[in-house]
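Reading through the structure tokens given below for one structure.
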């Protein structure tokens, strides 16, 4: 029996069930970052993301942008937990026939994004392989009182996203800004109950929040902020790699969010009971169940 | 111009020169682990290692042993800095046609080694790819007073290795024991000046110590503890993946090392001045310069 029978999330769940961690681990596998006890006021955040040529980027993409993306996806995971990225390592496997010019530009993309967010690139590993593969592991820090996980969404919470959604494949997936400032602003000024970055697609990542929070949700079609790059509404729902933040907070707090601040905050739905499932409400007020579908590796 | 013109270490050096880190980074790229300020008495250690099918293991190897090795190589890096491994993440890219049985065994190998050394496996990333690639990033901790880097070797130091060397390709590279106990014993009882794990081969890894310490060294052919798996002496010098510790300490201390303790400690040479270079002394006392050769990806 092959792993695609289980699917990506089935396989992850199979692995997760077998893992035991000690009491220093606040949150292991199953969120955007692992959360580890650190000091009186802070947790450590620990995350990794692997980019594979032909899956996460095409061989013809600019190496500068590939390098940039490799750092940005991990920074986006740190943002999703409301933390500050501090240190990263880069494991890189390169084909023998890689040019020095390509390697230089790849590295420049990494270095510049690290410098922009004051992330220390502290080392890595270099290997030969048939295809370019980059794995970035990142360490960050978050104030205990600011930590946000996927599991905290509450009945009645308003669901927001940052920025605009859909059509990321047409360029944004290589050039996106990890929403670190937005996460900092939100958690320093509001009580955010749940947060995730939209890497697999709005429907699927919202489903991750719903599963972790044992909740349902209604999304309002009219409210979802469509990116000009999106060709249709389905792309905003199911296409991955927007790398916007999806978060929930109580209605009273939600009213106070300055909608135009930073990359923009848009209310797009509401948390419901678990039995409600995940539904899309169209312009006429008609509800229909939508699948928790999105990008999956298997 | 292609990267093999620079070679693995030339490319790493090219990248390293361009990196700046802040004052919280005690040691960035260029040792077995990155060393980061943590609390009053301890540093954080941060390391990653990528294993690629066809380079670091053959597709026909047992998945349990591949998984085991993926964790063990990073634990060995933590040992080389005299630390204790605490947390790890696993980035895994798998071919679509991987069987669930293969994935289960791969994961079992990782899990069991983690359990043995009390390492918390706190998450990871799963991706699709043409070939199996595993990148493990690991966080550890070391008492400030016990930290050992490559750069501390001093003129006159005796050079030791743990265990036996050579022929690792015939099985040990998949089954080796990371020398965590040995590192702990050594640093708690002696003043170890420099240490590295032998991953690229004795000659090359000793050369890393010599370069970082601006020193030379004489190795005594007769003293080098040859593994029964080694077909000849050159394999002990130049074949990679022994994953034994190579360390140096002052002659006065060296005399007190219990040679048969744990995996065994064998004095194999002495640190000389930088101009001396790296030389092998044969049974007749003849010296000859040897190349800092070993496994290289490019």
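Chains as they are written, first to last, in the numbering used here: chain A, 1 to 298; chain B, 1001 to 1298. Backbone N, C-alpha and C fix where the C-beta goes; we use that ideal spot for every residue, glycine too.
Coil, strand or helix - residue i by DSSP
| i | result |
| --- | --- |
| residue 1207/B | helix |
| residue 1223/B | helix |
| residue 267/A | strand |
| residue 1252/B | helix |
| residue 1184/B | helix |
| residue 8/A | helix |
| residue 1247/B | strand |
| residue 274/A | helix |
| residue 1217/B | strand |
| residue 259/A | coil |
| residue 288/A | strand |
| residue 1198/B | coil |
| residue 1108/B | helix |
| residue 1279/B | strand |
Cβ-based burial, residue i [other Cβ within 10 Å; buried from 16]
| i | result |
| --- | --- |
| residue 1089/B | buried |
| residue 1120/B | buried |
| residue 1155/B | exposed |
| residue 7/A | exposed |
| residue 1228/B | exposed |
| residue 1244/B | buried |
| residue 1001/B | exposed |
| residue 1034/B | buried |
| residue 60/A | exposed |
| residue 1178/B | buried |
| residue 24/A | exposed |
| residue 18/A | exposed |
| residue 1241/B | buried |
| residue 22/A | exposed |
| residue 1258/B | exposed |
| residue 1193/B | buried |
| residue 200/A | buried |
| residue 1058/B | exposed |
| residue 135/A | buried |
| residue 31/A | buried |
| residue 68/A | buried |
Expected contact under 8 Å - CB spacing of residue i and residue j to nearest Å
| i | j | result |
| --- | --- | --- |
| residue 196/A | residue 80/A | 5 Å |
| residue 1075/B | residue 1180/B | 6 Å |
| residue 236/A | residue 274/A | Contact doesn't hold; Cβ gap of about 24 Å is too wide. |
| residue 1151/B | residue 1213/B | 5 Å |
| residue 186/A | residue 278/A | Residue 186/A to residue 278/A, Cβ: 23 Å. No contact. |
| residue 294/A | residue 203/A | 6 Å |
| residue 133/A | residue 1093/B | 7 Å |
| residue 1219/B | residue 1269/B | 4 Å |
| residue 1113/B | residue 1045/B | The Cβ separation is near 17 Å, so there is no contact. |
| residue 1246/B | residue 1209/B | 7 Å |
8 Å Cβ cutoff, residue i in contact with chain B
| i | result |
| --- | --- |
| residue 173/A | no |
| residue 96/A | yes |
| residue 37/A | no |
| residue 238/A | no |
| residue 151/A | no |
| residue 57/A | no |
| residue 5/A | yes |
| residue 8/A | yes |
| residue 100/A | yes |
| residue 60/A | no |
Residue i at chain A interface by Cβ criterion, 8 Å
| i | result |
| --- | --- |
| residue 1297/B | yes |
| residue 1168/B | no |
| residue 1143/B | no |
| residue 1229/B | no |
| residue 1128/B | yes |
| residue 1028/B | yes |
| residue 1276/B | no |
| residue 1048/B | yes |
| residue 1079/B | no |
| residue 1070/B | no |
| residue 1064/B | no |
| residue 1025/B | yes |
| residue 1196/B | no |
| residue 1212/B | no |
| residue 1242/B | no |
Could you give the uninterrupted runs of the beta strand (DSSP E) lying entirely in the stretch 113-162 of chain A, keeping only those of 3 residues or more?
120-128, 133-143 and 158-162
In chain order, which continuous runs of the alpha helix (DSSP H) of length 4 or greater are located wholly inside the stretch 16-46 of chain A?
none
Pick out the complete beta strand (DSSP E) segments inside the stretch 43-99 of chain A, 3 residues or longer, and give them in chain order.
84-94
Which residues, in chain order, does the stretch 1102-1128 of chain B contribute to contact with chain E at a C-beta distance below 7 Å?
Of the chains in the structure shown, none is chain E; the protein chains are A and B.
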